[in-house]
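Residue numbering for the sequence shown follows my numbering, starting at 4 and increasing by one per position. Here's the structure, in structure tokens; my notes come after.
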Amino acid sequence: MADAPAVPPAPRSSALHRLVDGFDRFRGQHFEQDHDLYDALLDGQRPEVMIIACSDSRTDPAIITGAKPGELFVIRNVAALVPRHEADHRPRGTSAAIEFGVKALGVRHIIVLGHSFCAGVRCLLEHDHGGARFEFVSDWVNIAREVRDEMDGLVTDADRAVIARRAEQATVLTSLRHLATYPFIAEGIAAGRLALHGWYFHFGWGLLQAAQTPLGPFRQVDSGTPPAPAVGHADGAAPPPCPRAGRAAARRCDAPAPSIAPRHP
Ligand SMILES: [Zn+2]
Numbered sequence: 004m005a006d007a008p009a010v011p012p013a014p015r016s017s018a019l020h021r022l023v024d025g026f027d028r029f030r031g032q033h034f035e036q037d038h039d040l041y042d043a044l045l046d047g048q049r050p051e052v053m054i055i056a057c058s059d060s061r062t063d064p065a066i067i068t069g070a071k072p073g074e075l076f077v078i079r080n081v082a083a084l085v086p087r088h089e090a091d092h093r094p095r096g097t098s099a100a101i102e103f104g105v106k107a108l109g110v111r112h113i114i115v116l117g118h119s120f121c122a123g124v125r126c127l128l129e130h131d132h133g134g135a136r137f138e139f140v141s142d143w144v145n146i147a148r149e150v151r152d153e154m155d156g157l158v159t160d161a162d163r164a165v166i167a168r169r170a171e172q173a174t175v176l177t178s179l180r181h182l183a184t185y186p187f188i189a190e191g192i193a194a195g196r197l198a199l200h201g202w203y204f205h206f207g208w209g210l211l212q213a214a215q216t217p218l219g220p221f222r223q224v225d226s227g228t229p230p231a232p233a234v235g236h237a238d239g240a241a242p243p244p245c246p247r248a249g250r251a252a253a254r255r256c257d258a259p260a261p262s263i264a265p266r267h268p
């Protein structure tokens, strides 16, 4: 049997070289230095915070918050969207991750992290262009179609940048409202062990803003002071571990959704 032809070397990629070099730095500066942390994480994860963020390469939640391994349970998708609860047994990636974070990990805070200059929100607003260019994106961002409807109703001579920033924040609020449609989240809020936060990262200004209520407005986060949740609080007792959603867990999740106004101002 003849030898297999030699595999040509992969083309050099400065981007991939930077990633490999970065991993080497991570091993040297973190993994090999902080044995206690990584030994503890061998036993499992117990993050208190779930962040639902956009896939945008400029808004990595762990980087902008300086979080350590094990501190954040991160879900990322186009435009940081949360679909409404749908009990139709179809595969739903974001909903599955939310369920796992709440039921199995017992997170106490869920942060929806929007950002400025979001291409996903732009696709939502420019629905005609989106439909022509994308096979999947248009249907996905349509989760927040109420935001588009609201922005379409604004005066046409309004500054497009102002409308875009407003739509990005409105999309965060829409995701908060959709979160509250999940029975297990409504139950956690009602029990005082789960809080919802709407954050907005304006990387053009380097600012972090937080929704004051599920209807807004967003205000700048004061340095050193965690903002109050937009919905609920997490001052109650920590939830019991619920790694498998059996019948008992399903019964506990039958609580009605908290009342959150359907639209933001
Ligand atoms: Zn985005």
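Note that the Cβ used here is the ideal one computed from N, Cα and C, for glycine as well. As the structure is a computational prediction, the values presented were derived from the model and not from experiment.
Would you mind sorting residue 29 into buried or exposed? The rule is 16 or more other CB atoms within 10 Å of its CB.
-> exposed
Give a yes or no on whether the C-beta atoms belonging to residue 213 and residue 200 are separated by under 8 Å.
-> yes
Please indicate yes or no: does the CB of residue 57 lie closer than 7 Å to some heavy atom of ligand 1?
-> yes
Alpha carbon of residue 234 to alpha carbon of residue 217, nearest angstrom = 6 Å
Can you tell me which of the three DSSP states residue 76 falls into?
-> strand
So, helix, strand or coil for residue 234, using DSSP?
-> strand
Are residue 64 and residue 40 closer than 8 Å when you measure CB to CB?
-> no
Verify the contact flag: residue 118, CB atom, against every heavy atom of ligand 2, threshold strictly below 7 Å.
-> This structure lacks ligand 2; its bound ligands are ligand 1.
For residue 173, verify whether its CB is less than 7 Å away from any heavy atom of ligand 1.
-> no
Exposure of residue 66, with buried meaning 16 or more beta-carbon neighbours within 10 Å = exposed
Pick from 33, 117, 47 and 229 that is closest to residue 59, judged by C-alpha positions = 117
Label residue 34 either buried or exposed according to how many other C-beta atoms from any shown protein chain fall within 10 Å of its C-beta, with 16 as the threshold for buried.
-> exposed
Considering only residues of the same chain and omitting the five flanking positions on each side of residue 221, which have a CB-CB separation below 7 Å?
-> 172, 203, 212, 213 and 214
Beta-carbon gap between residue 126 and residue 140 smaller than 8 Å | yes
Exposed or buried, residue 22, counting other C-beta atoms within 10 Å across all chains shown (16 or more means buried)?
-> exposed
Bounding residues of the beta strand (DSSP E) (the contiguous stretch that carries residue 52) | 52-57
Reference residue 121; option with closest CA among 80, 153, 107 and 91 | 80
Can you tell me which of 77, 85 and 78 puts its alpha carbon nearest to the alpha carbon of residue 176?
-> 85
Taking Cβ to Cβ, would you say residue 56 is nearer than 8 Å to residue 123?
-> no
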